[in-house]
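In my numbering, the protein residues as written are 58 to 639.
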């Protein structure tokens, strides 16, 4: 298990970025390694008064490995200045001279060893290694145990352990040749002891706060949210907005910002509409948060389906009250259109100063234009009213005739409102590799054998029992290392895995540590981890998301995974079925 004690986003050097990526490729994840990057060596560390910097310092049970990284294509031979040594190819037959990395790493390792001795920290072996992560390299005088390169047979973390073992044995052999009888007994360390050494090397380091990169990811996610709101605030003068954005790009967050501004600052009364029950509960909790300071009588949150039922009841015509069957056959639009026509002069129909429509791709084909005409106070609401529409074309497209209504309604709003497209740059998904994973899922190119990054864990399972065990193990690790709570996690299934005849349902019925996420328990905290389907999680955000999918041979699953993965702020675990259930 690799614990990074630094923020990977701060790495600028391409070679060090690649080394950071290679640290995630570990065959034996039972080995715990604490990794520091850019450890500065002041004069109090170094044997000379010059300041230096270690590219990577890896703390393991066997001791410390100091790594010097050289990125690019590295060679050995004649340098531009005429000497013989290491160089980097920087263009068409152009060379850039390099200092000898083996001498550099020796000096840095010696400095750390002497510093530890000065702190009375003895019996700690300090090894040294050079890393060429972007090229292969062979030279007869360079041992394979001192150098890791792109073509090396071992993953970098495994090489670190093997090299430390080899260097310790080599040290003992040299001591024997010199006639030293009392060999130094190099100590093997427990995790708490490694943390103590980290504190000695870097007093600013707080091990419990940064044992997982999850908190760093969430901090970056919060920063992106603030940045996104700052950018979108430039649109505040517009009375009508239609904003298109991918999952996780901050649409619901900006919707809340609009509600706060109009209700609190301008004293207006509005209504928030969406199709998804869980998204509605999320927005209810946000507007009710005391820190939002939104007067309760100034905003109403309602499911679009419930509003359609309400309009049908006010019309007095039972045929215009939609049901679940109406939804299935695509008849909601006609019900809404007819109900609005009959309630136009009804006195007890509530009117509003503004309307916010979230995840509007779910309701463009269901008569939302008629609802806006009915509920806004002004004349000619489509041209003169205040409405704010958020949607994502990539998430849903109805079929047949409904698609025509969808496109016509969307384009009608675009012709009457200011239009803005959000990009994925401000997504809340900030973990290492999350964006790439989400892009591949959205385009149907998901590759289960691909290394997406350290914050994306992908693994196959054979049975439902195996999948549930892996899910529990992954969540236990993140909750232990990242310090997050059960309420910060979410388990999402493809819809077919929660059918009545699914083996997952049979297991979940007797699983006490999980519970189904429903509207009536959404706002309450629980020690249990909650689960639902990927499609029902539209618009939600959680720190850690576990995706459990049936066979990826089903093309529809890639779309569901795209929706589910975009709910994760910091980490994704995806478990996919290797073989169909029998």
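For glycine and all other residues, C-beta sits at the position ideal for the given N, C-alpha and C.
Since this is a predicted model, take the numbers as computed values, not measurements.
Q: Look up residue 587 in the DSSP assignment and give the residues it is bridged to.
A: Along the chain shown, one-based indexing puts residue 587 at 530. Residue 587 is bridged to 547, 572.
**Q.** Beta-carbon proximity check, residue 617 vs residue 449, cutoff 8 Å
**A.** Taking the first residue of the chain shown as position 1, residue 617 is located at position 560. Taking the first residue of the chain shown as position 1, residue 449 is located at position 392. Inclusion of residue 617 and residue 449 in the CB contact set at 8 Å is not warranted, their separation being larger than that value.
Q: Return the Cβ separation of residue 447 and residue 422 in integer angstroms, given the expectation that the two are a contact with Cβ distance under 8 Å.
A: For this step, residue 447 is matched to residue 390 along the chain shown. For this step, residue 422 is matched to residue 365 along the chain shown. Between residue 422 and residue 447 the Cβ distance is about 16 Å, and since that is not below 8 Å, they are no contact.
(Q) Assuming residue 579 and residue 338 are in contact, meaning their beta carbons sit under 8 Å apart, how far apart are those beta carbons, in whole angstroms? (A) Numbered from 1 along the chain shown, position 522 holds the residue referred to as residue 579. Numbered from 1 along the chain shown, position 281 holds the residue referred to as residue 338. That belief holds up - the Cβ atoms of residue 579 and residue 338 are roughly 4 Å apart, short of 8 Å.
Q: Determine the burial state of residue 214: buried for a count of at least 16 other Cβ atoms within 10 Å of its Cβ, exposed for fewer.
A: Position 157 of the chain shown, counted from the start, is the residue given in the question as residue 214. Burial call: buried.
**Q.** Close beta carbons around residue 431, own chain, < 6 Å, minus the five adjacent residues each side
**A.** Translated into positions along the chain shown, residue 431 becomes position 374. Correct list, in chain order: 397.
(Q) Spatial neighbours of residue 478 within its chain, please: C-beta separation below 6 Å, excluding the five flanking residues on both sides. (A) Position 421 of the chain shown, counted from the start, is the residue given in the question as residue 478. Excluding positions up to five away in sequence, the list reads 301.
**Q.** Ranges of the beta strand (DSSP E) found wholly within the stretch 296-360, counting only runs of at least 3
**A.** Taking only runs of at least 3 residues, the beta strand (DSSP E) segments lying wholly in the stretch 296-360 are 297-301, 327-331, 356-360.
Q: Decide if the stretch 357-369 is in contact with the stretch 326-338; the criterion is three or more beta carbon pairs, one per stretch, under 8 Å apart.
A: Yes: at least three Cβ pairs fall under 8 Å.
Q) Using 8 Å as the limit for Cβ to Cβ distance, is residue 343 near chain C? A) In the displayed structure, chain C is absent; only one protein chain is listed.
(Q) Excluding the 5 residues flanking residue 202 on each side, which residues of the same chain have their C-beta closer than 6 Å to its C-beta? (A) Sequence index remark: in the chain shown, residue 202 carries index 145 (1-based). Result list for residue 202: 220, 223, in chain order.
Q: Determine the direct distance from the alpha carbon of residue 76 to that of residue 84, and round the result to whole angstroms.
A: What you label residue 84 is simply residue 27 of the chain shown in a count that begins at 1. What you label residue 76 is simply residue 19 of the chain shown in a count that begins at 1. Taking the straight line from one Cα to the other gives about 16 Å.
Q | Coarse secondary structure for residue 394, derived from DSSP in three states | A | For this step, residue 394 is matched to residue 337 along the chain shown. Shown here, residue 394 sits in a helix according to DSSP, grouped into three states.
Q: State the Cα-Cα distance for the pair residue 464 and residue 304, rounded to the nearest angstrom.
A: For the purposes of this step, residue 464 is taken as residue 407 along the chain shown, with counting starting at 1. For the purposes of this step, residue 304 is taken as residue 247 along the chain shown, with counting starting at 1. Just so you know, the alpha carbons of residue 464 and residue 304 end up roughly 20 Å apart.
**Q.** Extent of the continuous beta strand (DSSP E) run through residue 634
**A.** Within the chain shown, the letter at position 577 stands for residue 634. Start and end: 625-634.
Q | Opposing strand residues paired with residue 113 [DSSP bridges] | A | Reading the chain shown from its first residue, position 56 is the one you call residue 113. Residue pairing by DSSP places residue 113 opposite 94, 124 in a beta bridge.
Q: Compare the C-alpha of residue 313 against each of 211, 242, 329 and name the closest.
A: One-based indexing of the chain shown puts residue 313 at position 256. Ranking 211, 242, 329 by Cα distance to residue 313 puts 329 first.
(Q) What residue range does the alpha helix (DSSP H) around residue 255 cover? (A) Translated into the one-based positions of the chain shown, residue 255 becomes position 198. Looking at the DSSP string, the run of the alpha helix (DSSP H) that includes residue 255 is 248-258.
Q: Tell me whether residue 63 sits in a helix, a strand or coil according to DSSP, three-state version.
A: Here residue 63 refers to the residue found at position 6 when the chain shown is read from its first residue. Coil.
Q | Touch test, the stretch 433-442 against the stretch 391-406, Cβ-Cβ under 8 Å, three pairs minimum | A | Taking one beta carbon from each stretch, the stretch 433-442 and the stretch 391-406 have fewer than 3 pairs nearer than 8 Å; the two do not touch.
(Q) residue 619 and residue 498 - do their beta-carbons sit closer together than 8 Å? (A) By 1-based counting over the chain shown, the position of residue 498 is 441. By 1-based counting over the chain shown, the position of residue 619 is 562. The answer is yes: Cβ separation under 8 Å.
Q | Sequence-distant residues of the same chain with beta carbon closer than 6 Å to residue 615, five excluded per side | A | Residue mapping note: residue 615 aligns to position 558 of the chain shown, counting from 1. These residues qualify, in order along the chain: 498, 501, 503.
Q. Start and end of the alpha helix (DSSP H) containing residue 494?
A. Here residue 494 refers to the residue found at position 437 of the chain shown. For residue 494, the enclosing alpha helix (DSSP H) has its first and last residue at 491-499.
(Q) Just to confirm the assignment, what range does the alpha helix (DSSP H) spanning residue 425 have? (A) Position 368 of the chain shown, counted from the start, is the residue given in the question as residue 425. Annotation: the continuous alpha helix (DSSP H) that includes residue 425 extends over 425-432.
Q | Collapsed DSSP secondary structure at residue 231 in the structure displayed | A | Here residue 231 refers to the residue found at position 174 of the chain shown. The answer is helix: DSSP assigns residue 231 an H, G or I state.
Q.
If you measure between the beta carbons of residue 257 and residue 178, is that distance less than 8 Å?
A. Working through the chain shown from its first residue, we reach residue 257 at position 200. Working through the chain shown from its first residue, we reach residue 178 at position 121. It is a contact, given that the beta carbons lie within the stated cut-off.
Q. Looking at the structure shown, is residue 465 part of a helix, part of a strand, or coil, going by DSSP?
A. One-based indexing of the chain shown puts residue 465 at position 408. Residue 465: helix per DSSP, three-state reduction.
Q: Determine the DSSP secondary structure at residue 108, reduced to helix, strand or coil.
A: What you label residue 108 is simply residue 51 of the chain shown in a count that begins at 1. Only weak support exists for where residue 108 lies, its pLDDT of 49 falling under 50; the coordinates are left without a value.
Q | Residue range of the alpha helix (DSSP H) that includes residue 646 | A | In the structure displayed, the chain extends from 58 to 639; residue 646 sits before or after that span and is not available.
Q: Would you check if the distance between the CB atom of residue 192 and the CB atom of residue 131 is smaller than 8 Å?
A: Position 135 of the chain shown, counted from the start, is the residue given in the question as residue 192. Position 74 of the chain shown, counted from the start, is the residue given in the question as residue 131. One thing to note: residue 192 has its Cβ within 8 Å of the Cβ of residue 131.
Q: Along the beta strand (DSSP E) that carries residue 132, what are the first and last residues, could you check?
A: Counting from 1 along the chain shown, the entry for residue 132 is found at position 75. Residue 132: member of the beta strand (DSSP E) spanning 130-135, first to last residue.
Q) Enumerated in chain order, which unbroken segments of the beta strand (DSSP E) with a length of 3 residues or greater are wholly contained in the stretch 129-214? A) Listed in chain order, the complete beta strand (DSSP E) runs (minimum 3 residues) inside the stretch 129-214 are 130-135, 141-148, 151-154, 183-189, 204-206.
Q | Segment contact, 8 Å Cβ cut-off, at least three pairs: the stretch 548-558 with the stretch 596-606 | A | With a cut-off of 8 Å, the stretch 596-606 and the stretch 548-558 count as touching, because enough Cβ pairs lie within range.
Q. Leaving out the 5 sequence neighbours to the left and right, which residues in its chain are closer than 7 Å to residue 146 when beta-carbon positions are compared?
A. On the chain shown, position 89 is the one that residue 146 refers to. Around residue 146: 129, 130, 132, 152.
Q. Hey, how far is the Cα of residue 602 from the Cα of residue 252?
A. By 1-based counting over the chain shown, the position of residue 602 is 545. By 1-based counting over the chain shown, the position of residue 252 is 195. Approximately 28 Å, taken between the alpha carbons.
Q: Taking all protein chains shown into account, decide if residue 309 is buried (16 or more other Cβ within 10 angstroms of its Cβ) or exposed.
A: Reading the chain shown from its first residue, position 252 is the one you call residue 309. Result: buried.
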